[in-house]
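Enquirer:
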Ligand code: MF3
Ligand code: CO
Ligand code: CO
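Numbering (our numbering), first residue to last: 47 to 323.
(1) Just confirm the distance between the C-beta atoms of residue 102 and residue 167, as a whole number of angstroms; I'd bet it's less than 8 Å.
(2) Tell me whether residue 69 is buried or exposed, calling it buried when 16 or more other Cβ atoms sit within 10 Å of its Cβ.
(3) Helix, strand or coil: how does DSSP classify residue 186 here?
(4) Measuring only from the beta carbon, is residue 237 closer than 7 Å to any heavy atom that is part of ligand 2?
(5) Less than 7 Å between C-beta atoms, sequence neighbours within five positions excluded: which residues of the same chain meet that for residue 48?
(6) Rounded to whole angstroms, what's the CA-CA distance from residue 231 to residue 97? Just pull it up for me.
(7) Near residue 99, what residues of its chain come up, given a Cβ to Cβ distance below 6 Å and the 5 sequence neighbours on each side ignored?
(8) In the DSSP assignment, find the beta strand (DSSP E) that holds residue 90 and state where it starts and stops.
(9) Considering only the alpha carbon of each residue, which of 240, 203, 238 lies closest to residue 301?
(10) What does the alpha-carbon distance come out to for the pair residue 236 and residue 211?
(11) Once the 5 residues before and after residue 261 are set aside, which same chain residues still bring their CB inside 8 Å of it?
(12) Per DSSP, residue 238 is paired with what?
(13) Should residue 175 and residue 160 be called a contact, given that it needs their Cβ atoms to be closer than 8 Å?
(14) Quick check: residue 273 and residue 299, are their CB atoms within less than 8 Å of each other?
(15) Measuring straight from C-alpha to C-alpha, what distance separates residue 257 and residue 154?
(16) Return the bridge partner residues of residue 211 from the DSSP annotation.
(17) Look up residue 194 in the DSSP assignment and say whether it is helix, strand or coil.
(18) Could you give the first and the last residue of the continuous alpha helix (DSSP H) run that contains residue 56?
(19) Would you call the CB atoms of residue 318 and residue 72 closer than 8 Å?
(20) Are there 16 or more other CB atoms within 10 angstroms of the CB of residue 275, so buried, or fewer, so exposed?
(21) Grouping DSSP H, G and I as helix and E and B as strand, with all else coil, what is residue 201?
(22) Rounding to the nearest angstrom, what Cα-Cα distance links residue 119 and residue 146 in this structure?
(23) State the beta-bridge partners of residue 149 as determined by DSSP.
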């Protein structure tokens with residue numbers, strides 16, 4: 047397989063999908079408060095994507111059967127848990143969860159931080175984005191971790207243009223993060239995206255200067271750094287097969303955008319209204 051350069055028609059489809067994904071993150075903020083469960087946030091996002099946006103959440107049954115798959119009366123997938131893929135419409139990664147957290151019935155509590163990652167499929171195209179949310183008031187340490195992680199995404203976005211190399215971008219993220227004493231997760235990375243959720247190239251958030259794929263006009267891909275307060279090592283929950291936590295149980299943060307490399311720079315396909323690029 048190789049990198050798919052998108053046609054103007056495909057780019058238009060990516061713009062629509064990207065906007066819808068961003069809109070889910072804009073919509074859900076008002077529902078984040080002490081006592082709400084991530085399962086409830088999942089339900090609200092699911093209904094919004096399916097009923098309001100007439101889209102489909104790409105993570106639902108991802109890794110299992112192809113979508114759309116039949117749901118029961120409560121909106122849960124009919125394939126038994128564990129047999130299929132991811133069972134929810136968003137990922138919610140709370141505190142020491144690095145990524146792929148499964149929405150559950152545990153109420154969020156004051157001071158929790160979490161990443162909400164959503165991927166909307168609309169007319170065959172994918173928009174993939176995530177941001178950090180705070181329940182009540184976060185500790186100064188948690189705030190700084192989230193902020194540095196977001197800044198590392200923004201400085202990477204600033205580097206995107208034809209001719210830029212992924213090794214340079216990964217290196218810049220890594221350098222920025224490590225300078226603050228944090229660490230970059232290596233096991234999971236950004237990815238090409240389009241009519242397929244995860245396409246080439248792999249976009250690592252670390253790298254060696256002067257190496258890696260050269261960006262070209264028409265490439266669409268994500269950058270989604272996962273940054274740990276402590277060591278970079280992670281562990282996968284073998285019981286559920288998805289949840290990734292930090293090995294040392296330290297906090298982790300992540301932000302993600304879907305991007306288009308344009309003739310002279312970048313278009314942030316999942317830009318939210320609160321952001322100015
Ligand atoms: N949205 C994630 C990403 O950024 C992928 C989640 S796959 C899931 O690539 F199955 F865990 F939901
Ligand atoms: Co992604
Ligand atoms: Co994502």
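Beta carbons are placed, not taken as given, at the ideal position from N, Cα and C, and that holds for glycine. All of these numbers come straight from a predicted model, not from anything done at the bench.
Expert: So, from the listed chains and residues:
(1) 5 Å
(2) Label assigned to residue 69: buried.
(3) helix
(4) Yes, ligand 2 has a heavy atom inside 7 Å of this Cβ.
(5) 246
(6) 35 Å
(7) So the qualifying residues of the chain are 66.
(8) Element bounds for residue 90: not the beta strand (DSSP E) but the alpha helix (DSSP H), 84-93.
(9) 203
(10) 14 Å
(11) 206, 207, 208, 209, 210, 211, 212, 307
(12) 245, 267
(13) No, they are not a contact pair.
(14) yes
(15) 42 Å
(16) The partner list for residue 211 (beta bridge, DSSP) reads 260.
(17) helix
(18) Note, residue 56: alpha helix (DSSP H), 54-74.
(19) yes
(20) By the neighbour-count definition (other C-beta atoms within 10 Å, threshold 16), residue 275 is a buried residue.
(21) helix
(22) 25 Å
(23) According to DSSP, residue pairing for residue 149 in a beta bridge does not occur.
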